[in-house]
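Structure follows, in structure tokens:
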């Protein structure tokens, strides 16, 4: 806290500052609230709903959730988030741990090779063609395999594991424990804080990913994720609304392209909104460990 | 915890090949997904047609690079890319400003709440950001509903002359709160005695912020600035892709979006690879430049 007397100018500043932050809060939160009330409004007059829903209805959600593609996309999104996060955490933990081993052959070489990937990449087209030649385009694997080893996470983990007391591991080694036993019984349990941080980063990344779907799996309808479906719906809201109308003749409310967009946006955002406030401190922790190193 | 006497190692520990063989498959993934694509740069020197083996494609040398530099698109794409980057560099002052003002807030709870609210947009995908801005700024969105009260309205999402600042605004909305965290941490790390001493000397809070907090944040700011220089021609793809539409297409098309459009939409693989390679090479040069600058100015490197 900065110390000092309260001058009149200071008081004015304080009030202005609070007002500024209220404005920032509104800018950050109101759009989400706006989408929320839109999704519960009757499409006929939704444009006028600014504070509360107009002609409150659940019809938007009913017609959207009835569509088969949503349920399947939700399944794919959850599947990639769970499996992708698990493998990323395991892969990066293992590699980060191994890089703390001074007596691993080629340690420096491999570490350099890994860190270079943070700055140099092949670019969009070569990557696309290479993935294609591996045969992982239009498979679930393209969501998982390229993400297993992430240079940034490995560096974070290495830094963390280096800070752990070596004595526990050494005594286990003297007892004849193998690498995997030490890794699963000693290193993993001692690294829970960093695991939490990386798991959250990885899962937010997986949940939000849509670009890999768009690039590599554009021809696989059964591999579409929720985010990608939202992207599609944003662009094809007209035709989807038409489909919904044809499927539900004589509906009591008006379903508009805008209502369709708002509703699927809400469905996609809610998971992040629900867990975000609880996970925030882990995310910040990850950022700060990285900053110290970088 | 039981203490185990850690014996001082006298001789160099023996190499342990078990570690190496466990690391090997993971490093193979790195090689396959990060290094093999680098070899794909070869593509920009040959005339590649889809379905044909790359190695038997005829060698054309620098043809595609010449094509790029002589193309009418080139100056437009570079202008767009640079304009966005200049805006971002200008906006680098926003996160530290946010952090300083947040630090001046009195209520701890309110401060925490503001920080949470401002970092939230960082965790929604670009598709969602687009959806949010679409909802708010579309012709009958809330902004225009309010503007209508004043008898005016605007097509924000498809206004050619507003593309640069509007996209920068979008970027700021998503990023400023998150990027401020590092400055918030830096402020927390400043020695409190400095403020106390300054207060004893009669320095106002503004003076304290200006003479203690700002210099304290300068090193971090410098790193961010140099990193921004390093990524001057690489300002991301997703944002421009989701906000792209036929009306503003010529203004929003950055180098990366251009690569995508040429390569994956028009299937002009060789040309698009050349564009991508040009971008990568410029990026690497800029990164080394920034790194060298950092060495001179701060005495330490950023990478």
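Chains as they are written, first to last, in the working numbering: chain A, 13 to 306; chain B, 592 to 894.
Even glycine gets a Cβ: it sits at the ideal position worked out from N, Cα and C.
query: From the DSSP output, in three-state form, read off residue 222(A) for me.; result: coil
query: Using beta carbons (cut-off 8 Å, strictly below), is residue 103(A) in contact with chain B?; result: yes
query: Taking only the alpha-carbon atoms, compute the straight-line gap between residue 778(B) and residue 824(B) and give it to the nearest angstrom.; result: 31 Å
query: Quick one: what's got a C-beta closer than 7 Å to residue 593(B)'s C-beta in the same chain, skipping five residues either side?; result: For residue 593(B), the pLDDT reaches just 43, beneath the cut-off of 50, and the residue's location in the model is therefore unreliable, leaving the point undetermined.
query: Have a look at the DSSP bridge pairing and note the partners of residue 637(B).; result: 650(B)
query: Report the three-state DSSP secondary structure of residue 753(B) (helix, strand or coil).; result: helix
query: What are the residues of the segment 693-715 of chain B that lie near chain E, defined by any Cβ-Cβ distance shorter than 9 Å?; result: Chain labels in this structure do not include chain E; the protein chains are A and B.
query: What does the alpha-carbon distance come out to for the pair residue 675(B) and residue 822(B)?; result: 11 Å
query: Whether or not the segment 832-851 of chain B and the segment 789-796 of chain B are in contact is what I'm after, with contact meaning three or more pairs of Cβ atoms, one per stretch, closer than 8 Å; do they touch?; result: no
query: Under a CB-based cut-off of 8 Å, is residue 15(A) close to chain B?; result: With a pLDDT of 49 at residue 15(A), under the threshold of 50, the modelled position of that residue is not reliable, and the figure given next carries that caveat. Chain B contact via Cβ: present.
query: How is residue 569(B) classed by DSSP in three states: helix, strand or coil?; result: Because chain B in this structure spans residues 592 to 894, residue 569(B) falls outside the shown range and cannot be described.
query: DSSP state of residue 92(A), grouped into three classes?; result: helix
query: Which residues in the same chain have their Cβ closer than 6 Å to the Cβ of residue 225(A), if we skip the five residues on either side of it in sequence?; result: 237, 240
query: Name the two residues that bound the continuous alpha helix (DSSP H) containing residue 199(A).; result: Counting along the chain, residue 199(A) falls outside any alpha helix (DSSP H), and DSSP gives it neither H nor E.
query: Does any C-beta atom of chain A lie closer than 8 Å to the C-beta of residue 829(B)?; result: yes
query: Should residue 286(A) go down as buried or exposed, given a rule of 16 or more other Cβ atoms within 10 Å for buried?; result: exposed
query: Measuring CA to CA, which of 171(A), 158(A), 253(A) is closest to residue 79(A)?; result: 253(A)
query: Which class does residue 57(A) belong to by DSSP, given the choice of helix, strand or coil?; result: coil
query: Find the residues of chain B that neighbour residue 286(A), judging by a C-beta separation of less than 7 Å, and give them in chain order.; result: By Cβ distance, chain B contributes nothing, its closest Cβ being about 12 Å from residue 286(A), past 7 Å.
query: For residue 195(A), which of 275(A), 110(A), 220(A) has the nearest alpha-carbon?; result: 110(A)
query: What does the alpha-carbon distance come out to for the pair residue 886(B) and residue 767(B)?; result: 27 Å
query: Beta carbons nearer than 9 Å to chain B: which residues of the segment 40-53 of chain A have them?; result: 40, 41, 42, 43, 44, 46, 47, 50
query: At the level of alpha carbons, what is the spacing between residue 208(A) and residue 169(A)?; result: 11 Å
query: Between residue 610(B) and chain A, is there a C-beta pair that is closer than 8 Å?; result: yes
query: Tell me, please, whether the CB atom of residue 726(B) is closer than 8 Å to any CB atom in chain A?; result: yes
query: Between which two residues does the alpha helix (DSSP H) harbouring residue 826(B) extend?; result: Neither: residue 826(B) is in no alpha helix (DSSP H) and is coded neither H nor E.
query: List the residues of chain B that residue 22(A) touches, going by C-beta distances under 9 Å, in chain order.; result: 795, 796, 797
query: Can you tell me whether residue 664(B) is helix, strand or coil according to DSSP?; result: helix
query: Once the 5 residues before and after residue 301(A) are set aside, which same chain residues still bring their CB inside 6 Å of it?; result: 168
query: Mind pulling the chain B residues with CB within less than 7 Å of residue 29(A)?; result: 692, 695, 696
query: Identify the contact partners of residue 59(A) in chain B, using a Cβ-Cβ distance below 7 Å as the criterion.; result: 731, 736
query: Distance, Cα to Cα, residue 180(A) vs residue 198(A)?; result: 8 Å
query: Report the option in 812(B), 626(B), 732(B), 670(B) whose CA atom is closest to the CA atom of residue 776(B).; result: 812(B)
query: Could you tell me the alpha carbon to alpha carbon distance between residue 663(B) and residue 657(B), rounded to whole angstroms?; result: 12 Å
query: I want to see whether chain A comes within less than 8 Å of residue 629(B), judged by CB atoms only; does it?; result: yes
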